[in-house]
Ligand code: FAD
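Residue numbers (the working numbering): 80 to 519.
Below is the structure:
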């Protein structure tokens, strides 16, 4: 391609990633506030998409969220987002030849793959004397912002949460009014819009649920959040993951409705993000090294029964079937099915983590790995290995009227419903032996 960059008007690029919204978007705000016209782009990264099933509901959700922004930009400003279906490095190599780019703006992404990708893009831009300006948008506090007095990252949640709140209360609460500056978006985007099928995907059978953050839900969260049949949680997961809502707005809401528990859940999300940032290897290896000595049984047939929700333990089966059918599982039940997999079946937490990663609409590497390691006992601030949920008594605590079970396990009352695949007492004793051997 001919290099026209010196002859052309200087422009800025804003690269959307996990921040698919036009309002209160920090990087977009800074791009629009600078002096050049802004070309917004989104890349359907073929490195990521090639590994996903073709009817993945998350890809459809991303696509739909972008279309929402397209419609808004088109209607109000005659502008649009340039969409690409390629690797980010190919796209940037093409863009720096085509345009006279002064700066690329984007928001931070903390996952190991994203860090590598961004280092590659930074190098391409540097070679071309283009500034790469990146911002914190996805969290309230990131990286090194909440550290212990000795400068080390927190590995225990409660003191992290306390300092998080203390620091938050001391700072000025800012929102970034990017929506007011959208007239600075370039109107001559030459790239056509793309459909789901243009990127090789089809309409999924599932869809990402909308979120609810009504004052009633938040105020009652403490009493209702543990009961899966009530479906009384916010469903914010995918929206925070893909940035269709702003975390600043959600924290503000939690504070306005005075619910510390809900607020603290949002802080758990950031706790695990800083853990993955400081210890990126923990997406593959146990945080507490000796837990990698556990001799997992890793029986594939048993794993299949667990995946299908045919363990014969109805609360476990209800959770797995809810996940398979809807892409969501209630937190209480995630803890139970996770514990059952690692402890009753002695199957490596990484197998469960990978299965959730494929199925959950709210899949977020930091939270998934962090919670799986918590369940397995190998993580930071983890549940001790001898804490083994009893899958039967959990029913009395959290689903005593069997509403949740009957919703998801349609054959619960049938003779064909499977028998318990392991005896609880025996499995518990076996787990304690194996874990003790590895970690003591
Ligand atoms: P709400 O209860 O309404 O909470 C609001 C928000 O707070 C959530 O959307 C989430 O962003 C955050 N949050 C709540 N609990 C946690 C938690 N324990 N850890 C981190 N953040 C939390 N959450 C994910 O977002 N992605 C995952 O991939 C994920 N995998 C998990 C795997 C296991 C084994 C377990 C036990 C939990 C996992 N969680 C994960 C945490 C939690 O189950 C979900 O965040 C929650 O169930 C999502 O429902 P909600 O959006 O209605 O949450």
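Idealized CB from N, CA, C, for every residue including glycine.
Open item on the list: Using 8 angstroms for Cβ pairs, my map puts residue 316 next to residue 214. What's the rounded Cβ distance?
Closed with: For the purposes of this step, residue 316 is taken as residue 237 along the chain shown, with counting starting at 1. For the purposes of this step, residue 214 is taken as residue 135 along the chain shown, with counting starting at 1. Residue 316 to residue 214, Cβ: 23 angstroms. No contact.
Task: Beta carbon shell of the ligand FAD at less than 6 angstroms from a heavy atom - done: Listed along the chain, these residues meet the criterion: 304, 312, 313, 314, 315, 316, 319, 344, 345, 347, 348, 351, 410, 413, 414, 417, 435, 439, 441, 442, 443, 446, 447, 450, 451 and 454.
Open item on the list: Check whether the segment 99 to 117 and the segment 194 to 202 are in contact - that is, three or more C-beta pairs closer than 8 angstroms.
Closed with: Judged by Cβ distances under 8 angstroms, the segment 99 to 117 makes no contact with the segment 194 to 202, as fewer than three pairs qualify.
Open item on the list: Ignoring anything shorter than 4 residues, give me the alpha helix (DSSP H) runs that lie fully in the segment 442 to 467, in order along the chain.
Closed with: Counting only runs of 4 or more, we get 444 to 455.
Open item on the list: Distance check for residue 387 and residue 379, CA to CA, integer angstroms please.
Closed with: Mapped onto the chain shown, residue 379 falls at position 300. Mapped onto the chain shown, residue 387 falls at position 308. For the pair residue 379 and residue 387, the Cα-to-Cα distance works out to about 12 angstroms.
Open item on the list: Tell me which residues share the same chain as residue 222 and place their Cβ nearer than 6 angstroms to its Cβ, disregarding the 5 neighbours each side in the sequence.
Closed with: On the chain shown, position 143 is the one that residue 222 refers to. Cβ within range, chain order: 356.
- [ ] My understanding is that residue 234 touches residue 459, with C-beta atoms under 8 angstroms, so please give their C-beta distance in whole angstroms.
- [x] For the purposes of this step, residue 234 is taken as residue 155 along the chain shown, with counting starting at 1. For the purposes of this step, residue 459 is taken as residue 380 along the chain shown, with counting starting at 1. Indeed they touch by this definition, with Cβ atoms about 4 angstroms apart.
- [ ] Can you say whether residue 239 is buried or exposed, counting buried as having 16 or more other CB atoms within 10 angstroms of its CB?
- [x] Position 160 of the chain shown holds residue 239. Around the beta carbon of residue 239, a 10 Å sphere encloses 16 or more other beta carbons of the protein chains shown; the residue is thus reported as buried.
- [ ] Have a look at residue 503 and residue 496 and give me their C-alpha separation to the nearest angstrom.
- [x] Numbered from its first residue, the chain shown carries residue 503 at position 424. Numbered from its first residue, the chain shown carries residue 496 at position 417. Taking the straight line joining both Cα atoms gives about 18 angstroms.
Task: residue 346 versus residue 237: straight-line alpha-carbon distance, rounded - done: In the chain shown, the residue the question calls residue 346 occupies position 267. In the chain shown, the residue the question calls residue 237 occupies position 158. In this structure, the alpha-carbon of residue 346 lies about 10 angstroms from that of residue 237.
Open item on the list: For residue 437, report the span of its alpha helix (DSSP H) as first-last.
Closed with: Translated into the one-based positions of the chain shown, residue 437 becomes position 358. Looking at the DSSP string, the run of the alpha helix (DSSP H) that includes residue 437 is 428 to 438.
Open item on the list: Which residue marks the beginning of the beta strand (DSSP E) containing residue 124, and which one marks its end?
Closed with: The count along the chain shown starts at 1 and reaches residue 124 at position 45. Run containing residue 124: 116 to 124, per the beta strand (DSSP E) assignment.
Task: residue 119 and residue 219 closer than 8 angstroms at C-beta - done: As a first step, residue 119 must be located in the chain shown, where it is residue number 40. As a first step, residue 219 must be located in the chain shown, where it is residue number 140. Residue 119 places its beta carbon 8 angstroms or farther from that of residue 219.
Open item on the list: Restricting to Cα atoms, I'd like to know which of 350, 514, 327 and 125 is closest to residue 256.
Closed with: In the chain shown, residue 256 corresponds to position 177, counting from 1. For the residues 350, 514, 327 and 125, the minimum Cα distance to residue 256 belongs to 327.
- [ ] Look up residue 356 in the DSSP assignment and say whether it is helix, strand or coil.
- [x] Working through the chain shown from its first residue, we reach residue 356 at position 277. It is helical.
Open item on the list: Does residue 338 pass the burial test, meaning 16 or more other C-beta atoms within 10 Å, or should it be called exposed?
Closed with: Here the question's residue 338 lines up with position 259 in the chain shown. Buried is the label assigned to residue 338, since at least 16 other Cβ atoms lie within 10 Å of its Cβ.
Open item on the list: By the three-class DSSP mapping on this structure, what secondary structure does residue 180 have?
Closed with: Working through the chain shown from its first residue, we reach residue 180 at position 101. Annotated three-state conformation of residue 180 is strand, per DSSP.
TODO: Name the two residues that bound the continuous beta strand (DSSP E) containing residue 491.
DONE: As a working note, residue 491 is residue 412 in the chain shown. Taken as a continuous stretch (DSSP letters only), residue 491 belongs to no beta strand (DSSP E), as it is neither H nor E.
Open item on the list: Contact criterion: CB-CB distance below 8 angstroms. Does residue 221 meet it with respect to chain C?
Closed with: Looking at the structure shown, chain C is missing, and only one protein chain is on hand.
Open item on the list: Considering Cα atoms alone, identify which of 374, 373, 391 and 110 is closest to residue 381.
Closed with: Position 302 of the chain shown, counted from the first residue, corresponds to residue 381. When each option's Cα is compared against that of residue 381, the closest is 391.
Task: C-alpha distance - residue 182 paired with residue 297, whole-angstrom precision - done: As a first step, residue 182 is located in the chain shown; it is residue number 103 there, counting from the start. As a first step, residue 297 is located in the chain shown; it is residue number 218 there, counting from the start. Annotation: residue 182 to residue 297 spans about 41 angstroms, alpha carbon to alpha carbon.
Open item on the list: Spatial neighbours of residue 487 within its chain, please: C-beta separation below 6 angstroms, excluding the five flanking residues on both sides.
Closed with: Within the chain shown, residue 487 is the residue found at index 408, counting from 1. Excluding sequence neighbours, residue 487 sits near 397, 400 and 401.
Task: Cα-Cα separation between residue 312 and residue 303, rounded to whole angstroms - done: The residue you call residue 312 lines up with position 233 of the chain shown. The residue you call residue 303 lines up with position 224 of the chain shown. For the pair residue 312 and residue 303, the Cα-to-Cα distance works out to about 8 angstroms.
TODO: Look at the alpha carbon of residue 335 and the alpha carbon of residue 342, and state the distance between them as a whole number of angstroms.
DONE: Taking the chain shown and counting its residues from 1, the one referred to as residue 335 is at position 256. Taking the chain shown and counting its residues from 1, the one referred to as residue 342 is at position 263. About 10 angstroms.
Open item on the list: Counting beta carbon pairs with one atom in the segment 411 to 428 and one in the segment 123 to 133, are three or more of them shorter than 8 angstroms?
Closed with: Judged by Cβ distances under 8 angstroms, the segment 123 to 133 makes no contact with the segment 411 to 428, as fewer than three pairs qualify.
TODO: Would you decide whether residue 480 is buried or exposed? Buried here means 16 or more other CB atoms lie within 10 Å of its CB.
DONE: Position 401 of the chain shown holds residue 480. Sixteen is the threshold: since fewer than 16 other Cβ atoms of the shown chains lie within 10 Å of the Cβ of residue 480, the residue is exposed.
- [ ] Under the assumption that residue 158 contacts residue 282 (Cβ atoms under 8 angstroms), give the Cβ distance between them as a whole number of angstroms.
- [x] Position 79 of the chain shown holds residue 158. Position 203 of the chain shown holds residue 282. In fact, because the Cβ distance is near 27 angstroms, the residues do not count as touching under 8 angstroms.
- [ ] Locate the beta strand (DSSP E) running through residue 242, then write down its first and last residues.
- [x] The residue labelled residue 242 in the question sits at position 163 within the chain shown. Counting along the chain, residue 242 sits inside no beta strand (DSSP E); it lies in the alpha helix (DSSP H) bounded by residues 236 to 249.
Open item on the list: Does the contact criterion of 3 or more C-beta pairs under 8 angstroms hold for the segment 136 to 144 versus the segment 173 to 181?
Closed with: Too few Cβ pairs lie closer than 8 angstroms, so no.
- [ ] Assign residue 361 to buried or exposed, taking buried as 16 or more other Cβ atoms, counted over all protein chains shown, within 10 Å of its Cβ.
- [x] For this step, residue 361 is matched to residue 282 along the chain shown. Counting Cβ neighbours within 10 Å, residue 361 comes out buried, since at least 16 surround it.
TODO: Measuring alpha carbon to alpha carbon, tell me which of 109, 100, 371 and 340 ends up nearest residue 151.
DONE: Residue mapping note: residue 151 aligns to position 72 of the chain shown, counting from 1. Of 109, 100, 371 and 340, the residue nearest in Cα terms is 100.
- [ ] Please say whether residue 162 and residue 273 have beta carbons closer to each other than 8 angstroms?
- [x] Numbered from its first residue, the chain shown carries residue 273 at position 194. Numbered from its first residue, the chain shown carries residue 162 at position 83. Against a cut-off of 8 angstroms, the Cβ pair of residue 162 and residue 273 comes out as a contact.
TODO: Work out the CA separation of residue 217 and residue 319 for me, nearest whole Å.
DONE: Locating residue 319 in the chain shown gives position 240, counting from the first residue. Locating residue 217 in the chain shown gives position 138, counting from the first residue. So the alpha carbons of these two residues sit roughly 8 angstroms apart.
TODO: Taking all protein chains shown into account, decide if residue 276 is buried (16 or more other Cβ within 10 angstroms of its Cβ) or exposed.
DONE: The count along the chain shown starts at 1 and reaches residue 276 at position 197. Classification of residue 276: exposed, given that the 10 Å Cβ count is below 16.
Task: DSSP three-state assignment for residue 342, whether helix, strand or coil - done: Here residue 342 refers to the residue found at position 263 of the chain shown. Residue 342 falls in the helix class under three-state DSSP.
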